[in-house]
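In this note's numbering, the protein residues as written are 16 to 573.
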Amino acid sequence: MDVEIDALVIGAGFAGLYQLHSLRDRLGLSTRVLEAGGDLGGTWYWNRYPGARCDSESHAYRYFFSRELNEEWEWSERYPGPPEILRYLGRVAEKFDLRRDIRFGCRVVSARYDETANRWLVQTDVGERYAATYLVAAVGCLSSANIPDIPGLGEFGGRWFHTGKWPHEGVDLAGQRVGQIGTGSTGIQAAPVIAQTAAHLTVFQRTPTYSVPARNAPLTPEFKRWVRENHAEIRAIACSTPNGHAFRIADRNVADVTPDERQAIYEAAWARGGLQFRATFRDLMTDQAANDTAAEFLKARIRAIVRDPKTAAALADIDHPYATKRPPIDTDYYETFNRGNVTLVDLRADPIERITPRGIRTRSAEHALDIIVFATGFDAMTGPLLAIDIRGRDGRALREEWRAGPQTYLGLQAPGFPNFFTITGPGSPSVLTNMPVAIEQHVEWITDCIGYLRQHGIDSIEPDPEAVQRWGEHVNEAANATLLSKAKHSWYYGANVPGKPRVFMPYAGGLARYRRICEDVAAKGYDGFWLHRRGEREIPRARGGTAGEFAVARGPGV
Ligand code: NA7
Numbered sequence: 016m017d018v019e020i021d022a023l024v025i026g027a028g029f030a031g032l033y034q035l036h037s038l039r040d041r042l043g044l045s046t047r048v049l050e051a052g053g054d055l056g057g058t059w060y061w062n063r064y065p066g067a068r069c070d071s072e073s074h075a076y077r078y079f080f081s082r083e084l085n086e087e088w089e090w091s092e093r094y095p096g097p098p099e100i101l102r103y104l105g106r107v108a109e110k111f112d113l114r115r116d117i118r119f120g121c122r123v124v125s126a127r128y129d130e131t132a133n134r135w136l137v138q139t140d141v142g143e144r145y146a147a148t149y150l151v152a153a154v155g156c157l158s159s160a161n162i163p164d165i166p167g168l169g170e171f172g173g174r175w176f177h178t179g180k181w182p183h184e185g186v187d188l189a190g191q192r193v194g195q196i197g198t199g200s201t202g203i204q205a206a207p208v209i210a211q212t213a214a215h216l217t218v219f220q221r222t223p224t225y226s227v228p229a230r231n232a233p234l235t236p237e238f239k240r241w242v243r244e245n246h247a248e249i250r251a252i253a254c255s256t257p258n259g260h261a262f263r264i265a266d267r268n269v270a271d272v273t274p275d276e277r278q279a280i281y282e283a284a285w286a287r288g289g290l291q292f293r294a295t296f297r298d299l300m301t302d303q304a305a306n307d308t309a310a311e312f313l314k315a316r317i318r319a320i321v322r323d324p325k326t327a328a329a330l331a332d333i334d335h336p337y338a339t340k341r342p343p344i345d346t347d348y349y350e351t352f353n354r355g356n357v358t359l360v361d362l363r364a365d366p367i368e369r370i371t372p373r374g375i376r377t378r379s380a381e382h383a384l385d386i387i388v389f390a391t392g393f394d395a396m397t398g399p400l401l402a403i404d405i406r407g408r409d410g411r412a413l414r415e416e417w418r419a420g421p422q423t424y425l426g427l428q429a430p431g432f433p434n435f436f437t438i439t440g441p442g443s444p445s446v447l448t449n450m451p452v453a454i455e456q457h458v459e460w461i462t463d464c465i466g467y468l469r470q471h472g473i474d475s476i477e478p479d480p481e482a483v484q485r486w487g488e489h490v491n492e493a494a495n496a497t498l499l500s501k502a503k504h505s506w507y508y509g510a511n512v513p514g515k516p517r518v519f520m521p522y523a524g525g526l527a528r529y530r531r532i533c534e535d536v537a538a539k540g541y542d543g544f545w546l547h548r549r550g551e552r553e554i555p556r557a558r559g560g561t562a563g564e565f566a567v568a569r570g571p572g573v
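Okay, structure coming up:
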């Protein structure tokens with residue numbers, strides 16, 4: 016027997032929890048959340064590796080929709096770690112009584128649109144079936160672990176773990192020889208903490224990247240008070256900046272200041288720490304010469320910190336402009352390579368050949384290991400969606416439709432998949448932002464949209480394929496207007512997963528601009544979408560966004 020409901024939400028992270036609250040408590044829809052994990056938290060439920068921490072500053076890493084919630088919740092540190100974030104989400108669930116409509120430990124395996132009934136038929140791995148009018152994927156952008164296909168893993172005599180599926184009971188690293196593959200945001204957070212307990216840590220680096228100190232610290236009582244009294248202002252900044260963080264991008268170009276002034280600005284940003292480094296100049300993401308100055312500053316820092324010149328050279332030999340791959344922030348990452356128990360293996364000079372029963376063999380040596388840590392990232396953005404067999408109109412499979420790359424309108428809907436919405440889907444600002452702010456915008460847009468459909472007796476919504484094509488062109492145009500297009504081997508392009516199409520997936524035009532576009536589309540009666548009443552022909556609508564509306568203004572989108 017199918018469980019009949021109005022709306023089904025997949026995932027109980029930041030996105031799914033707020034979507035449940037919005038659909039159920041604002042629109043009065045019967046809503047259910049299905050979650051594969053044993054509890055809520057999404058990304059934070061799974062990512063419990065040593066050193067895991069949020070890179071967004073806590074005062075803006077939250078929901079803003081409830082003043083009451085903001086007033087009663089206080090973060091303890093500048094960057095929260097998984098336990099505190101899970102406590103926060105637990106508090107949210109309790110406050111809005113969400114748990115009663117969440118089913119944990121239940122993975123959605125397929126979703127099929129039944130055109131006659133205008134229902135999504137959803138199946139789970141525990142044999143349950145649901146029938147819902149609206150289907151919302153709140154599956155996260157970084158939830159499909161990428162474990163590289165290195166020969167010999169099956170023969171390894173020790174234990175291995177992916178950071179994104181870290182055992183909740185923890186892994187005792189004391190006395191262990193640990194090999195860590197991967198030096199992205201995760202690896203850069205993990206290595207210093209692993210090195211503190213492991214007997215030896217060998218870091219296998221394929222591509223070095225720039226990292227800025229996070230400068231994490233407990234929040235002072237004064238700062239906490241300031242946060243409590245200024246939620247509206249913090250939200251206003253987060254909603255008006257391209258990345259959804261609560262800091263503004265400086266209104267100056269690199270060329271506007273002298274080299275000495277520039278050096279002082281970078282030094283101050285380095286001392287302050289965090290992603291704000293990227294906000295020191297307006298043109299860092301759009302002008303190569305400007306970006307070069309930041310890149311040089313950061314490379315000089317690496318060489319100054321790391322004592323062994325060969326290790327320093329390998330860490331600083333960075334081949335892409337600053338912040339064109341996701342910029343990590345760290346706590347003592349470079350300092351870690353000054354420890355006696357840490358070795359860097361530069362895979363570009365000495366590639367991995369295979370995993371052996373004893374460890375990892377590179378071209379020049381075998382590294383004996385007890386534990387291998389894969390900090391190798393995710394099949395980002397499309398991976399979690401395509402892990403589900405999603406079939407729309409006429410049985411069209413999303414996996415087939417997206418074979419050459421994701422096709423969406425605004426990152427919110429795919430053509431041929433009526434009433435199916437993706438929160439922070441490909442084609443939306445998503446991973447280029449402070450996620451909760453982007454999530455909140457999407458959840459509210461989707462909720463308003465569904466409210467509009469019901470108010471107007473409209474049965475389904477799906478994008479006009481022409482609007483989808485134009486949006487795809489605009490997403491490319493937005494990326495090409497920045498230096499992001501210079502790091503073609505980033506996961507933003509899907510380049511970390513063999514066989515994945517090389518398409519720039521997130522929208523680089525900035526969250527504030529994107530928000531205006533979405534609001535405009537809604538204000539025009541869902542311009543670019545087909546709204547359909549059963550028994551009627553498709554309601555003709557004006558086509559979605561003109562080139563003018565989407566045009567990328569000059570200035571940092573990202
Ligand atoms: P990332 O940023 O995708 O980093 C993965 C790292 O793993 C990166 O250094 C990769 O090198 C490396 N990698 C991947 N496959 C291999 C193989 N086969 N051999 C050697 N090295 C490999 O993932 P993270 O988890 O660090 O971060 C993901 C996001 O989570 C982050 O941006 C935040 O938003 C939170 P490569 O660069 O591909 O050469």
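Backbone N, C-alpha and C define an ideal beta-carbon position, used for all residues, glycine too. Please read all numbers here as calculations on a predicted model, not as lab measurements.
Check each candidate in the options and name the one with the smallest Cα separation from residue i.
i, options, result
"tyrosine 145", "Ser159, Ala126, Ala160, Leu157", "Ala126"
"proline 228", "Val272, Trp285, Thr212, Ala205", "Trp285"
"valine 452", "Pro257, Pro421, Ala429, Thr295", "Pro257"
"phenylalanine 435", "Pro97, Arg418, Lys110, Val151", "Val151"
"arginine 47", "Glu72, Asp17, Tyr348, Ala305", "Asp17"
"leucine 35", "Trp417, Glu83, Arg118", "Arg118"
"tryptophan 506", "Pro342, Leu55, Glu481, Arg293", "Pro342"
"threonine 224", "Val218, Ser200, Ala206", "Ser200"
"leucine 498", "Ile165, Arg93, Gln303", "Gln303"
Can you tell me whether residue i is buried or exposed? The criterion is at least 16 other CB atoms within 10 Å of its CB, across all chains shown.
i, result
"serine 226", "buried"
"glycine 563", "With a pLDDT of only 43 at glycine 563, under the threshold of 50, the placement of this residue in the model should not be trusted; the figure read from the coordinates follows. By the 10 Å Cβ count, glycine 563 comes out exposed."
"glycine 559", "In this predicted model, glycine 559 has a pLDDT of only 47, less than 50, meaning its place in the structure is not dependable; the value taken from the coordinates is given anyway. When all chains shown are included, glycine 559 counts as buried."
"aspartate 334", "exposed"
"valine 357", "buried"
"glycine 197", "buried"
"valine 141", "exposed"
"serine 379", "exposed"
"aspartate 266", "exposed"
"arginine 293", "buried"
At a cut-off of 8 Å, would you count residue i as near the ligand NA7, judging by its Cβ distance to the nearest heavy atom?
i, result
"leucine 150", "no"
"proline 2", "Lying before the first or after the last residue shown, residue 2 is absent from the chain, which here runs from 16 to 573."
"histidine 382", "no"
"threonine 198", "yes"
"arginine 341", "yes"
"alanine 390", "yes"
"tyrosine 458", "Checking the sequence, you will find valine at residue 458 rather than tyrosine. For the ligand NA7, not one heavy atom lies less than 8 Å from the Cβ of valine 458."
"arginine 163", "Note that residue 163 is proline in the sequence shown, not arginine. Checking every heavy atom of the ligand NA7 against the Cβ of proline 163, one is found closer than 8 Å."
"alanine 510", "yes"
"arginine 221", "yes"
"alanine 395", "yes"
"threonine 201", "yes"
"isoleucine 367", "yes"
"threonine 308", "no"
"threonine 224", "yes"
"glycine 179", "yes"
"valine 446", "yes"
Just verifying my parser: in three-state terms, what is the DSSP assignment at residue i?
i, result
"aspartate 474", "coil"
"threonine 462", "helix"
"glutamate 19", "strand"
"tryptophan 545", "strand"
"arginine 406", "strand"
"serine 125", "strand"
"phenylalanine 79", "coil"
"tryptophan 175", "strand"
"arginine 531", "helix"
"alanine 523", "coil"
"leucine 42", "coil"
"tyrosine 60", "helix"
"arginine 47", "strand"
Which stretch, first to last residue, makes up the alpha helix (DSSP H) that contains residue i?
i, result
"alanine 108", "97-110"
"phenylalanine 5", "Nothing can be reported for residue 5: it is not among the residues displayed for the chain, which extend from 16 to 573."
"histidine 246", "246-255"
"phenylalanine 312", "303-320"
"phenylalanine 29", "29-36"
Note the first and the last residue of the continuous beta strand (DSSP E) segment covering residue i.
i, result
"valine 137", "134-139"
"glycine 66", "Per DSSP, glycine 66 belongs to no beta strand (DSSP E) and is neither H nor E."
"glutamate 368", "367-370"
"threonine 212", "Segment 200-212 is the alpha helix (DSSP H) holding threonine 212; no beta strand (DSSP E) there."
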